[in-house]
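S.K.: Just so you know, we're using this note's numbering here: the sequence shown kicks off at 1 and counts up by one.
This is the structure, below, for whatever I ask next.
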Amino acid sequence: MSARGKKSPKSDLATFSTGGRRLPGFRYGLREDDPVERKATRKSSKTIALAAGCLLLGFSGGYLGATVQDETRPASLSNEAKAQYISGESELIAGIVKDEGQSVVSIDVSSEVPVQNFFGTDVQTQASAGTGFIVSSSGVIVTNRHVIPAGASNVSVKLADGTTYDNVEVLGRSSSNSSLDVAFLKIKDTKGKKLTVASLGDSSKVKVGDKVIAIGNALGQFANTVTSGIISGFGRDVTAGSSLGQDEESLSDLFQTDAAINAGNSGGPLVNINGQVIGVNTAVAGGAQNIGFAIPINDLKGLISTVLQSGKLIQPFLGVRYISLTDDIASELNLEVRRGAYIAPGSGVSVIAGSPAAKAGLQEKDTITKVNGINIDDKTNLTSALARFRVGDKVTLTINRDGKTLKITVTLEPAPTN
Numbered sequence: 001m002s003a004r005g006k007k008s009p010k011s012d013l014a015t016f017s018t019g020g021r022r023l024p025g026f027r028y029g030l031r032e033d034d035p036v037e038r039k040a041t042r043k044s045s046k047t048i049a050l051a052a053g054c055l056l057l058g059f060s061g062g063y064l065g066a067t068v069q070d071e072t073r074p075a076s077l078s079n080e081a082k083a084q085y086i087s088g089e090s091e092l093i094a095g096i097v098k099d100e101g102q103s104v105v106s107i108d109v110s111s112e113v114p115v116q117n118f119f120g121t122d123v124q125t126q127a128s129a130g131t132g133f134i135v136s137s138s139g140v141i142v143t144n145r146h147v148i149p150a151g152a153s154n155v156s157v158k159l160a161d162g163t164t165y166d167n168v169e170v171l172g173r174s175s176s177n178s179s180l181d182v183a184f185l186k187i188k189d190t191k192g193k194k195l196t197v198a199s200l201g202d203s204s205k206v207k208v209g210d211k212v213i214a215i216g217n218a219l220g221q222f223a224n225t226v227t228s229g230i231i232s233g234f235g236r237d238v239t240a241g242s243s244l245g246q247d248e249e250s251l252s253d254l255f256q257t258d259a260a261i262n263a264g265n266s267g268g269p270l271v272n273i274n275g276q277v278i279g280v281n282t283a284v285a286g287g288a289q290n291i292g293f294a295i296p297i298n299d300l301k302g303l304i305s306t307v308l309q310s311g312k313l314i315q316p317f318l319g320v321r322y323i324s325l326t327d328d329i330a331s332e333l334n335l336e337v338r339r340g341a342y343i344a345p346g347s348g349v350s351v352i353a354g355s356p357a358a359k360a361g362l363q364e365k366d367t368i369t370k371v372n373g374i375n376i377d378d379k380t381n382l383t384s385a386l387a388r389f390r391v392g393d394k395v396t397l398t399i400n401r402d403g404k405t406l407k408i409t410v411t412l413e414p415a416p417t418n
């Protein structure tokens, strides 16, 4: 349980990348009268004079410098070298998609949803679509929680080769108040088919600028669509919801990518150039160009391990209410520690009675700075760090209490259902 240390963006910042089965309408670029475009035009007009002056002043010096250094600087890439580079990158992506794309599945879901009408409440069937990827040869699939609504009545998946499996079992969904938007499915009968299992990478090694590839069921009907881009940022916190503004969720510690993620891509893999899954595509920023978000795969490895071992989803639980520290919050609270999970006193319960945290002796105003050596910082919050472990694991928490560093061992327990 967490109380975030900074406000989440507005609820319309991000929408889940889950699509319906019908092809939606397309929205092209900005209109000429769009206020954003007008603002950009006004800003650029103010800089024209300055830019022109700088150009005139710099031309003579730049020309002289270029003449002097022309013999020493490396030559530009030839057209042949450029062609080889582009061809090499294309072949690399094609090879990754050929291998890793076989583990990606398209998901169709039918859900029973209550609808208010003149006569009261009625139940209607709603169709939606998403993506997932296979993590075991027995047919276990990872996808997003919001792809599989609580009222899902029928789930089917289609492999990259077109093989379809109906009546897929829902093994579990993360709790509605969890910042980890994840669900697990299971193909009941593979019909003797050998399934391709995704290769999982280490998302802690991901850097801004790394090349990535997104694979997904774009718009709910273009299966295994491939886009590429880079990691644009990490540690992003957003509030995401459906395009209708329903079912909003607070998501944290996400990768940001400019690889195009469309409706229907939710639950699909974000893959590095080694062909390893380093993230699960989840949401896109509204009103922006190519700003997508993905859950780092390390945040799900503990849950994946639990599901593969037990056949059901059991989330580990610590039992504290915390604030993720930033410089501003640490200064406001007069704390020497600048990063970590601060167990905040307040009107709510800071340490839940009977929880693993209470049993281990955690207190209000403690700041958890590490979990088994994993730093709690801008890139990883406490929830994400704990999700890497399984129920029953003993983890060592490094905490700061009244300026002193302590280490406390905690045994993680199953998260309560309520």
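All C-beta atoms in this analysis are idealised placements derived from N, C-alpha and C, irrespective of residue type, glycine included.
Taking the alpha-carbon of L412 as reference, which of D402, R338, L397 has the nearest alpha-carbon?
M.R.: Looking up residue 412 in the sequence shown gives position 412. Out of D402, R338, L397, L397 has the C-alpha closest to the C-alpha of L412.
S.K.: For the alpha helix (DSSP H) that contains E249, what are its first and last residues?
M.R.: For this step, residue 249 is matched to residue 249 along the sequence shown. Not the alpha helix (DSSP H): E249 falls in the beta strand (DSSP E), residues 249 to 257.
S.K.: Quick check on this structure: which residue in V410, D327, D402, Q102 has the alpha carbon closest to the alpha carbon of K359?
M.R.: Working through the sequence shown from its first residue, we reach residue 359 at position 359. If we check each option's Cα against that of K359, V410 comes out closest.
S.K.: Give me whichever residues DSSP pairs with Q126 in a beta bridge.
M.R.: The sequence position of residue 126 within the sequence shown is 126, counting from 1. In the DSSP output, where bridge partners are listed per residue, Q126 has S111.
S.K.: Buried or exposed for P296, going by 16 or more other Cβ atoms inside 10 Å?
M.R.: Numbered from its first residue, the sequence shown carries residue 296 at position 296. Under this definition P296 is a buried residue.
S.K.: For the stretch 357 to 375 against the stretch 316 to 331, do three or more pairs of beta-carbon atoms, one drawn from each stretch, fall closer than 8 angstroms, so that the two count as touching?
M.R.: yes
S.K.: Quick check: what's the CA-CA separation for G130 versus L92?
M.R.: Taking the first residue of the sequence shown as position 1, residue 130 is located at position 130. Taking the first residue of the sequence shown as position 1, residue 92 is located at position 92. Going by the C-alpha atoms only, they are around 26 angstroms apart.
S.K.: List in chain order: all unbroken beta strand (DSSP E) runs of 3+ residues lying wholly within the stretch 298 to 377.
M.R.: 322 to 324, 341 to 343, 367 to 371
S.K.: Using a Cβ-Cβ cutoff of less than 6 angstroms, which residues in the same chain neighbour D378 once the five nearest sequence positions on both sides are dropped?
M.R.: Here residue 378 is taken as the residue at index 378 of the sequence shown, counted from 1. Here the set comprises G235.
S.K.: With distance defined between alpha-carbon atoms, name the residue in Q124, T196, T326, A283 nearest to R338.
M.R.: As a working note, residue 338 is residue 338 in the sequence shown. Checked all of Q124, T196, T326, A283; the closest Cα to R338 is T326.
S.K.: Name the one or two DSSP bridge partners that P296 has.
M.R.: For this step, residue 296 is matched to residue 296 along the sequence shown. Paired residue(s): G279.
S.K.: Can you name, in chain order, every residue of its own chain whose Cβ lies under 8 angstroms from the Cβ of D258, other than the five neighbours on each side?
M.R.: Working through the sequence shown from its first residue, we reach residue 258 at position 258. Excluding sequence neighbours, D258 sits near G229, I230, S232, N290, I291, G292.
S.K.: Ordered along the chain, which non-local residues of its own chain (more than five positions away) have a Cβ less than 6 angstroms from that of K407?
M.R.: For the purposes of this step, residue 407 is identified with residue 407 of the sequence shown, where counting begins at 1. T396, T398.
S.K.: Do N400 and T369 have their beta-carbon atoms positioned less than 8 angstroms apart in this structure?
M.R.: For the purposes of this step, residue 369 is taken as the residue at position 369 of the sequence shown. For the purposes of this step, residue 400 is taken as the residue at position 400 of the sequence shown. Contact flag set, yes.
S.K.: Could you say if the stretch 190 to 208 and the stretch 166 to 182 meet the contact criterion of at least three C-beta pairs nearer than 8 angstroms?
M.R.: no
S.K.: If distances are taken between C-alpha atoms only, which option among A415, G392, G403 comes closest to T383?
M.R.: Indexing the sequence shown from 1 puts residue 383 at position 383. Here the closest residue by C-alpha is A415.
S.K.: Identify the residues that DSSP records as bridge partners of I213: which are they?
M.R.: For the purposes of this step, residue 213 is identified with residue 213 of the sequence shown, where counting begins at 1. In the DSSP assignment, I213 is bridged to S228, V271.
S.K.: Starting from the C-beta of G139, find all residues in its chain whose C-beta is less than 7 angstroms away, skip the five residues before and the five after it, and write them out in chain order.
M.R.: In the sequence shown, counting from the first residue as 1, residue 139 sits at position 139. Result list for G139: K186, I187, T190, L195, in chain order.
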